[in-house]
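Visitor: Take this structure first; my questions come after.
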Amino acid sequence: ADTLGDEWKGYVFRITGGNDKQGFSMKQGVLTVRRPKLLLSKGHTCYRPRRTGERKRKSVRGCIVDANMSVISVAIVKKGEAEIAGLTDVNRPKRLGPKRVSHIRALFNLDKKDDVRKYVNAYRRNIEKDGKVVRSKAPKI
Numbered sequence: 077a078d079t080l081g082d083e084w085k086g087y088v089f090r091i092t093g094g095n096d097k098q099g100f101s102m103k104q105g106v107l108t109v110r111r112p113k114l115l116l117s118k119g120h121t122c123y124r125p126r127r128t129g130e131r132k133r134k135s136v137r138g139c140i141v142d143a144n145m146s147v148i149s150v151a152i153v154k155k156g157e158a159e160i161a162g163l164t165d166v167n168r169p170k171r172l173g174p175k176r177v178s179h180i181r182a183l184f185n186l187d188k189k190d191d192v193r194k195y196v197n198a199y200r201r202n203i204e205k206d207g208k209v210v211r212s213k214a215p216k217i
């Protein structure tokens, strides 16, 4: 990411997708820079079947990035030296959390003896009306 400019120095990105100049979306696992026509069915990315059992041969973009890409979607894997305004300078907590008891225990590192319901409140939301709290909302476990 050092080629993007000095403000991105030290950042490491993971490419999550993208489109080429004609609008064809990238498909993971297609190791080419071209646009092969693949036979896609239910469960594949880049295709939504309209009927049961329907398959269709569609053009998809390979997952190798070159000059013909117009949009590349990335996720930040490693934070760099400087903060990026509006992106890394604000710490946003996760709005949703796990509902399954075993997943809550793994997230908060709890034992079997601990009461899981106390930790679900860590992502409880208060619903306000006219400036005062009317009720609070938490996931049902």
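Each position in the sequence shown, counted from 1, maps to that position plus 76 in the working numbering.
Just so it is clear, CB atoms sit at the ideal spot from N, CA and C, and this is done for glycine as well.
Evaluate residue 86 with the Cβ neighbour count: other Cβ atoms within 10 Å of its Cβ, from every protein chain shown; 16 or more gives buried, anything less gives exposed.
Guide: Numbered from 1 along the sequence shown, position 10 holds the residue referred to as residue 86. The residue is exposed, with fewer than 16 neighbouring Cβ atoms inside 10 Å.
Visitor: If you draw a straight line from the C-alpha of residue 104 to the C-alpha of residue 154, how long is it?
Guide: Translated into the one-based positions of the sequence shown, residue 104 becomes position 28. Translated into the one-based positions of the sequence shown, residue 154 becomes position 78. Their Cα atoms are separated by approximately 22 Å.
Visitor: Look at the Cβ atom of residue 174, then the Cβ atom of residue 183, and state whether they are nearer than 8 Å.
Guide: Position 98 of the sequence shown, counted from the start, is the residue given in the question as residue 174. Position 107 of the sequence shown, counted from the start, is the residue given in the question as residue 183. A contact, by the Cβ cut-off of 8 Å.
Visitor: Just verifying my parser: in three-state terms, what is the DSSP assignment at residue 115?
Guide: The residue given as residue 115 occupies position 39 in the sequence shown. Note: residue 115 maps to strand in three-state DSSP.
Visitor: Quick one: grab the DSSP three-state call for residue 160.
Guide: Counting from 1 along the sequence shown, the entry for residue 160 is found at position 84. In the three-state scheme derived from DSSP, where H, G and I count as helix and E and B as strand, residue 160 is classed as coil.
Visitor: Residue 126 and residue 101: beta carbons closer than 8 Å?
Guide: Here residue 126 corresponds to residue number 50 of the sequence shown, with the count starting at 1. Here residue 101 corresponds to residue number 25 of the sequence shown, with the count starting at 1. Not in contact: residue 126 and residue 101 (Cβ atoms no closer than 8 Å).
Visitor: Note the first and the last residue of the continuous alpha helix (DSSP H) segment covering residue 194.
Guide: Translated into the one-based positions of the sequence shown, residue 194 becomes position 118. Here the alpha helix (DSSP H) through residue 194 covers 193-196.
Visitor: By the 10 Å Cβ neighbour count, where 16 or more other Cβ atoms means buried, how is residue 203 classified, buried or exposed?
Guide: For the purposes of this step, residue 203 is identified with residue 127 of the sequence shown, where counting begins at 1. Exposed.
Visitor: On the DSSP letters alone, give me the boundaries of the beta strand (DSSP E) that residue 177 sits inside.
Guide: Within the sequence shown, residue 177 is the residue found at index 101, counting from 1. Careful: residue 177 lies outside any beta strand (DSSP E), inside the alpha helix (DSSP H) at 177-184.
Visitor: Please report the Cβ distance between residue 219 and residue 96, rounded to the nearest whole angstrom; I am assuming they are in contact, meaning their Cβ atoms lie under 8 Å.
Guide: Here the chain has residues from 77 to 217 only, and residue 219 is not among them.
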